[in-house]
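In what follows, a structure is listed as structure tokens, so that the remarks can point back to it.
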């Protein structure tokens, strides 16, 4: 079985709160209340004494804030900020423990399950990378005239055709061009003078309108689909239409 990459906690949610200890306190309180009640993270998985330390950190922030409110000196403000940093330190330690438990093979079979486990602790998981879509299918095209100098192109594949991008190419037929696709490299060789246009559409794009073509000229139309930069499908068969 391939190794499942661990899912991490998104720590910037609380590490960016260095100048806002009140928000640190609220976050600690949420983690303590949620985590200590969750089966995965309750004692002894994460000990009662550790949660108690979190309560202490939260109370210390509140006490320092009260003192600062009574006497708004630089020293009292610094103490309040220091207690906020101590709260962040507790949250980092809590995140360490949650990551180990959430990614334990006994608690998850997939990265999605590990991310869900992290959510049970009140923490937020880092965003998972999108699933590998694989190499998309070869496009099946239909092309027709859509007014003077225009050609409409349609992808005829079924609903399972959902690439990240489809690139359409229209080459003036009189140029007698040879077209090939080698990975991400599209190569067009012309035997005589002519013109070429390309248009890219996102995954939902099934219709493309080429405009500004030479009126009355025939065009060879091709397309290829891709998922990301490396997963590139085969070049379509040629469709021909008059502009």
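Residue numbers (this note's numbering): 2 to 244.
Beta carbons: idealized from backbone N, C-alpha and C, even for Gly.
Since the structure is predicted, the reported quantities are computational estimates derived from the model, not experimental observations.
Neighbourhood of residue i by C-beta distance below 6 angstroms, restricted to the same chain and skipping five residues each side
| i | result |
| --- | --- |
| residue 31 | 123 |
| residue 28 | 15 |
| residue 134 | 228 |
| residue 1 | The structure shown does not extend to residue 1, since the chain spans only 2 to 244, so no value can be given for it. |
| residue 163 | 204 |
| residue 169 | 154, 200, 209, 224 |
| residue 192 | 177 |
Start and end residues, beta strand (DSSP E) containing residue i
| i | result |
| --- | --- |
| residue 165 | Note, residue 165: premise wrong, no beta strand (DSSP E); not H, not E. |
| residue 66 | Unbroken run through residue 66 is the alpha helix (DSSP H), 49-71; no beta strand (DSSP E). |
Cβ-Cβ separation, residue j to residue i (assumed contact under 8 angstroms), whole Å
| i | j | result |
| --- | --- | --- |
| residue 81 | residue 54 | Contact doesn't hold; Cβ gap of about 19 angstroms is too wide. |
| residue 195 | residue 173 | 4 angstroms |
| residue 11 | residue 126 | 6 angstroms |
| residue 242 | residue 198 | Their Cβ separation, rounded to whole angstroms, is 13 angstroms, which puts residue 242 and residue 198 out of contact at 8 angstroms. |
| residue 8 | residue 119 | 6 angstroms |
| residue 206 | residue 244 | Their Cβ separation, rounded to whole angstroms, is 20 angstroms, which puts residue 206 and residue 244 out of contact at 8 angstroms. |
| residue 19 | residue 56 | In fact, because the Cβ distance is near 21 angstroms, the residues do not count as touching under 8 angstroms. |
| residue 234 | residue 226 | 5 angstroms |
Same chain only: Cβ atoms within 8 angstroms of residue i, ignoring 5 sequence neighbours per side
| i | result |
| --- | --- |
| residue 239 | 221, 222, 223 |
| residue 61 | 84, 87, 88 |
Element boundaries [alpha helix (DSSP H), containing residue i]
| i | result |
| --- | --- |
| residue 257 | Only positions 2 to 244 of the chain appear in this structure, which leaves residue 257 out of reach. |
| residue 25 | 22-36 |
| residue 13 | 13-16 |
Same chain only: Cβ atoms within 7 angstroms of residue i, ignoring 5 sequence neighbours per side
| i | result |
| --- | --- |
| residue 98 | 47 |
Item checked: contact_flag[the segment 97-107, the segment 42-52] where n(CB pairs < 8 angstroms) is 3 or more -> When Cβ pairs closer than 8 angstroms are counted between the two stretches, the segment 97-107 is seen to touch the segment 42-52, the count reaching three or more.
Are the segment 152-169 and the segment 136-143 touching by the rule of at least three beta carbon pairs closer than 8 angstroms? A contact exists between the segment 152-169 and the segment 136-143.
Which parts of the segment 132-156 are runs of the beta strand (DSSP E), unbroken and 3 residues or longer, counting only runs that do not cross its ends? Listed in chain order, they are 142-146, 152-156.
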